[in-house]
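J.: All residue numbers for the sequence shown refer to numbering that gives the first Met the number 0, where the first residue is 0 and numbers rise by one.
Every residue, glycine too, gets a C-beta built ideally from N, C-alpha and C.
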Amino acid sequence: MASPGFFIVFEGGDGVGKSTQASLLAEWLRSDDGGSRVVVEAREPGGTEAGLAIRTILQHGGHVDPRAEALLYAADRAHNVATVVLPALERGNVVVQDRYVDSSVVYQGVVRGLGDEVARVSRWATQGLIPDLTIVLDSPAGDRRIVGEPDRLEQDTDAKAEELRQGFLSLAAAEPGRYAVIEAGGSVDDVAAEVRVAVRAALDRGGRR
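Here is the structure:
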């Protein structure tokens, strides 16, 4: 799916700093040093009005069957791509997003045991949109820094944090040209500097959709 914009996604387990780094990257890309680009920030779940309702169900509701959980994430993703991400890319903007398809592939596909069907549903939901760069923030399971009370999914997957971590690393290893794995255990500024290096290199290569 070709478009003039550039799509950057942050992935990784809970508490590795995705939201912080996504915000810092967007700020840098808007600066003179980052190219004075127009940046749209997005997230999953909950990046749209409809997504906020889905996010409440997923993160703060009671038990949700794994298949229903995967479909709710897919619904949020489909609406986010159609109403936020694709229009921004078509305008030539940079989209910086916190979580995308890989999160469902790892959380629902691997940890929930739903397998390859999750990836297939996600491809349909996103109209086949693939990020130009996926940044995996990697940190050993014991180093997670979850702020506040864990949500439902964080509670459910706490004992499987290392399995989650390995899931993201496996995806990155399978497609090294489209991923950057960055060690997330350093200071916020050090991690942000490494993120900027990876993004500069990806922008120099150009889009891959």
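What residue range does the beta strand (DSSP E) around I56 cover?
T.: Unbroken run through I56 is the alpha helix (DSSP H), 48 to 59; no beta strand (DSSP E).
J.: Since D134 contacts I56 with CB under 8 angstroms, what's their CB separation in whole angstroms?
T.: According to the sequence as given, residue 134 is Ile; it is not Asp. About 28 angstroms; that fails the 8 angstroms criterion.
J.: Only counting the same chain, and skipping five residues up and downstream in sequence, which positions put a Cβ closer than 6 angstroms to that of V93?
T.: F5, L28, R36, V38
J.: If you follow the alpha helix (DSSP H) that V120 is part of, which residue opens it and which one closes it?
T.: 116 to 124
J.: Would you mind working out which of V80, P175, S138, L170 sits nearest A160, comparing C-alpha positions?
T.: Per the Cα distances, S138.
J.: Closest by CA to G127, which one among G166, R164, L85?
T.: L85
J.: Based on Cα-Cα distance, which residue from R119, N79, L71, Y106 lies nearest to E10?
T.: If we check each option's Cα against that of E10, Y106 comes out closest.
J.: In the DSSP assignment, the beta strand (DSSP E) including E182 goes from what residue to what residue?
T.: 178 to 182
J.: From what residue to what residue does the beta strand (DSSP E) around V38 run?
T.: 38 to 42
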